[in-house]
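These notes concern the structure reproduced below.
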Amino acid sequence: MSEAVLRERGPLARIGLRSGPEARAPNLMPYLLAAPLILFMLAFYAMPVVAMLMRSVSDPTWTVANYATLPDDAVFLKTFANTFYTSLIVTLVSLLLGYPVAMALVRAPRWAPIILVLIMLPFWTSVLVRSYAWMVLLGRHGLFNEALIAAGMIDRPLRILNTPLATQIAMSHILLPYMILPIANALRQIDPSLLRAASGLGSPPWRTFLQVTLPLSMPGVAAGVLLVFVLALGFYITPAMVGGPREITISMLIAQRVDQLDWAYAATLSAVLLATALAIIGAFYRLPGVGNAFRMNAR
Amino acid sequence: MNGAARGASVSLADLEKRYDRTNAVDGVSLDIRSGEFLTLLGPSGSGKTTTLMMIAGFETPSAGDIAIDGTSVVAMPPYRRNIGMVFQNYALFPHLTVEDNIGFPLKQRGVPKAERTKLVAEALELVQLPGYGGRYPRQLSGGQQQRVALARAIVFKPRLLLMDEPLGALDKQLRENLQLEMRRLHADLGITFIYVTHDQEEALTMSDRIAVMNDGKVAQVGRPEDLYDRPCNRFVAGFIGESNFLPAVVRDLEDDVVVAECEGVMVRALCPTLRPASGSKVTLTTRPERLRFADAWNGNAPQNRMSVTVTEAVFAGERCRYLLRATDGTSIVLKEPSSAAIRRRQVGDQAEIAWSVADTILV
């Protein structure tokens with residue numbers, strides 16, 4: 001094996017030697033090409049984020065009081081817990097609904113274009129429009145209730161709109177593509193001969209799914225779960241429009257405080273939300289199973 | 001070990017696989033004996049892999065039947081056929097260790113953990129990779145991965161092993177080592193091997209019998225020497241080894257020897273399959289290494305002779321390769337073992353070549 005490596009390195013090393021002087025001359029082109037975007041990001045993204053973080057420790061004076069009071073802040077704790085809970089439910093629902101769709105997308109190539117359009121059309125539609133659509137569907141006299149009444153299954157309309165359930169349904173729907181696409185991508189990368197091999201070695205389809213397909217799709221599942229969960233943490237429009245009046249999320253709380261011109265509190269909450277999202281992303285990359293899976297696909 | 005009892009017999013009857021309008025496999029009938037090493041040999045697109053996939057159960061035949069030990073398996077899903085299979089790209093599970101890969105078929109069969117460990121260790125021993133159980137496939141070289149795939153395919157003691165160009169991705173030396181190892185395994189295990197390859201040399205060195213496939217059909221089945229010495233058609237003669245093709249006109253028939261006029265002279269040829277009528281145009285085939293210059297036979301020159309002109313002479317170490325032109329312009333290749341004692345011919349030399357009737361086949 002080391003011999004093979006040496007053989008492979010031989011010609012490369014020779015090329016490297018020949019082009020050495022030019023290679024060592026600093027090549028500024030990539031930096032120049034990236035410069036406009038970097039400047040843009042610094043001016044319109046990094047600066048505001050830094051300004052916000054600064055505000056959370058400098059308002060009214062230099063202090064950590066804004067953070068120190070959070071553990072005793074009942075409103076914050078309740079909102080934070082609710083946001084986490086909602087994100088968890090939405091992630092779980094998207095995973096359970098999204099995985100089979102991703103399978104269909106990959107395993108039924110004839111239907112794939114139609115399935116893809118069905119996924120992407122809502123995806124390209126504004127979140128606002130989709131949230132309104134859910135209001136129409138789930139309202140007291142919405143399609144859902146009318147249909148149930150017409151079918152004789154209920155006498156009085158169910159209260160769905162402006163409950164946590166409505167938030168969960170609408171958010172799951174909106175975030176579903178973020179779950180389906182990474183999983184489909186991971187499934188597509190599974191060598192079909194592995195499935196044949198499993199079958200030939202005596203594994204019926206359901207066992208092949210559990211023993212081969214599912215473990216090999218874990219990178220996609222991890223990416224999907226991460227995307228949906230982190231996006232759900234920061235969701236604002238949908239819970240604000242279809243959610244319950246008492247079950248507010250962190251982003252709604254931030255908006256409320258901004259309305260009240262309580263910038264310090266809003267900045268502190270934003271910083272906590274940002275830190276939480278970053279911590280979750282970091283934790284995912286350290287998960288042993290996921291890490292293995294990621295390395296496996298790098299093959 | 002009793003080979004006859006351990007290997008499955010496989011019978012293909014008028015097997016067909018149609019894709020849209022084309023017939024990938026077009027009426028293949030083949031009886032593979034218990035314990036036999038049979039190779040399906042053919043160019044790409046000849047239907048050899050499709051045939052193998054139908055035996056494994058990954059493709060459904062459009063028509064015809066596949067019977068293993070006399071029982072039709074066409075309606076049986078692959079996971080119930082109990083057939084070992086080695087794929088060209090190894091198809092090892094990347095998320096499982098070598099041990100778990102080899103243990104996979106045992107796990108599906110409910111073999112308890114302790115026995116599994118023992119059988120896996122035995123299989124690793126058999127493919128000469130003891131101690132590699134804890135590694136992942138990506139940590140192995142191509143040859144090692146193929147050995148693991150082989151171990152996985154035989155660990156559950158199937159009676160039939162299918163191999164789809166298993167050595168295709170390996171370099172020449174490794175390929176030759178593994179060819180020997182597979183022969184040895186076949187002899188040790190006594191199970192039936194069905195091997196797919198496009199490499200005629202591999203087929204010739206490894207197989208008990210070869211089925212040469214072309215255009216979805218079996219062109220000829222036989223032992224390697226039969227195919228080489230008695231090709232029954234032009235495709236087989238051209239695909240296996242190098243052949244000279246001489247146009248000729250049939251003049252007479254004597255038992256199973258045909259006398260044909262070829263390049264102005266009478267040449268005798270065997271006709272194992274065809275019975276041509278006198279006067280019909282035919283093609284005779286000979287192997288380049290079976291031809292000799294007439295004076296090299298030391299007075300025992302065989303019956304078939306022909307005058308030629310040397311148009312190209314190449315010294316290739318162990319042998320000399322001559323390109324000759326016959327009187328009517330047909331090109332003939334002659335390979336002569338090299339020796340300092342043999343006179344080398346020069347381009348432009350006139351010469352007479354001679355070869356045996358037994359090495360002349362009408363196709």
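Residue numbers (UniProt numbering), protein chains in the order written: chain A, 1 to 299; chain B, 1 to 363.
For glycine and all other residues, C-beta sits at the position ideal for the given N, C-alpha and C.
Beta-carbon contacts of residue i that lie in its chain and below 7 Å, excluding the five residues immediately before and after
i	result
Y90 (chain B)	Q145, Q146 and A149
M153 (chain A)	none
N145 (chain A)	P157 and L158
F44 (chain A)	none
Chain-order list of residues whose beta-carbon lies under 6 Å from that of residue i (same chain, five-residue window excluded)
i	result
residue 386 (chain B)	Absent from the structure is residue 386 (chain B), since the part of chain B shown begins at 1 and ends at 363.
A275 (chain A)	none
L227 (chain A)	Y178
F335 (chain B)	Before going further, note that residue 335 (chain B) is Lys rather than Phe in the sequence given. Closer than 6 Å at Cβ, skipping near neighbours: P288, E289, R319 and R321.
R188 (chain A)	V106
G103 (chain B)	R116 and V120
I342 (chain B)	none
A267 (chain A)	M52, R55 and S56
A186 (chain A)	S217, P219 and G220
Beta carbon proximity, residue i to chain A, threshold 8 Å
i	result
Y79 (chain B)	yes
F87 (chain B)	yes
R175 (chain B)	no
F193 (chain B)	no
R116 (chain B)	no
Neighbouring residues, chain B, relative to residue i (Cβ below 7 Å)
i	result
L194 (chain A)	A91 and F93
P219 (chain A)	Neighbours of P219 (chain A) on chain B: none; closest Cβ ~10 Å, over 7 Å.
L187 (chain A)	Those within 7 Å of L187 (chain A) in chain B number zero; the least Cβ separation is about 14 Å.
CB contact below 8 Å: residue i versus chain B
i	result
S203 (chain A)	yes
R207 (chain A)	yes
V136 (chain A)	no
L287 (chain A)	no
P109 (chain A)	no
P215 (chain A)	yes
R14 (chain A)	Note that R14 (chain A) scores 41 on pLDDT, short of 50, meaning its location in the model is unreliable; the coordinates nonetheless yield the value given after this. Judged by the 8 Å Cβ criterion, R14 (chain A) is not in contact with chain B.
F294 (chain A)	Interpretation of F294 (chain A) is limited by its pLDDT of 47, a score under 50 that renders its predicted location unreliable; no figure is taken from the coordinates.
Outcome for residue i when other beta-carbon atoms lying within 10 angstroms are tallied against a minimum of 16
i	result
Y195 (chain B)	buried
R21 (chain B)	exposed
A81 (chain A)	exposed
I361 (chain B)	buried
G216 (chain B)	buried
R184 (chain B)	exposed
M120 (chain A)	exposed
H141 (chain A)	exposed
N300 (chain B)	exposed
P21 (chain A)	Bear in mind that the predicted position of P21 (chain A) carries a pLDDT of just 49, short of 50, making it too unreliable to give a figure here.
V136 (chain A)	exposed
residue 348 (chain A)	Only positions 1 to 299 of chain A appear in the structure, and residue 348 (chain A) is not among them; the question remains open.
M85 (chain B)	buried
D26 (chain B)	buried
R268 (chain B)	buried
Contacts of residue i in chain A (Cβ-Cβ under 8 Å)
i	result
F104 (chain B)	A198, L201, S203 and Q211
Under 9 Å by beta carbon: chain A residues contacting residue i
i	result
Q108 (chain B)	A198, L201, G202, S203, P204, R207 and Q211
I83 (chain B)	G200
F58 (chain B)	R196, S199 and G200
R152 (chain B)	A197 and L201
Neighbouring residues, chain A, relative to residue i (Cβ below 7 Å)
i	result
I55 (chain B)	Correct list: empty, because the minimum Cβ distance to chain A is about 11 Å.
Cα-Cα separation, residue i to residue j
i	j	result
S58 (chain A)	L278 (chain A)	23 Å
S278 (chain B)	V265 (chain B)	16 Å
E247 (chain A)	K78 (chain A)	9 Å
I332 (chain B)	E352 (chain B)	12 Å
A34 (chain A)	L124 (chain B)	53 Å
K17 (chain B)	S62 (chain B)	5 Å
T39 (chain B)	R223 (chain B)	10 Å
F293 (chain B)	S207 (chain B)	33 Å
R138 (chain B)	L92 (chain B)	9 Å
V230 (chain A)	Y132 (chain B)	41 Å
E8 (chain A)	L324 (chain B)	For E8 (chain A), the predicted model reports a pLDDT of 42, less than 50, meaning its position is unreliable; a value from the coordinates is still stated below. E8 (chain A) and L324 (chain B): Cα-Cα distance of roughly 43 Å.
A240 (chain A)	S141 (chain B)	57 Å
L28 (chain A)	P48 (chain A)	28 Å
Contact set between residue i and chain B, taken where Cβ atoms lie within less than 8 Å
i	result
D191 (chain A)	N89 and A91
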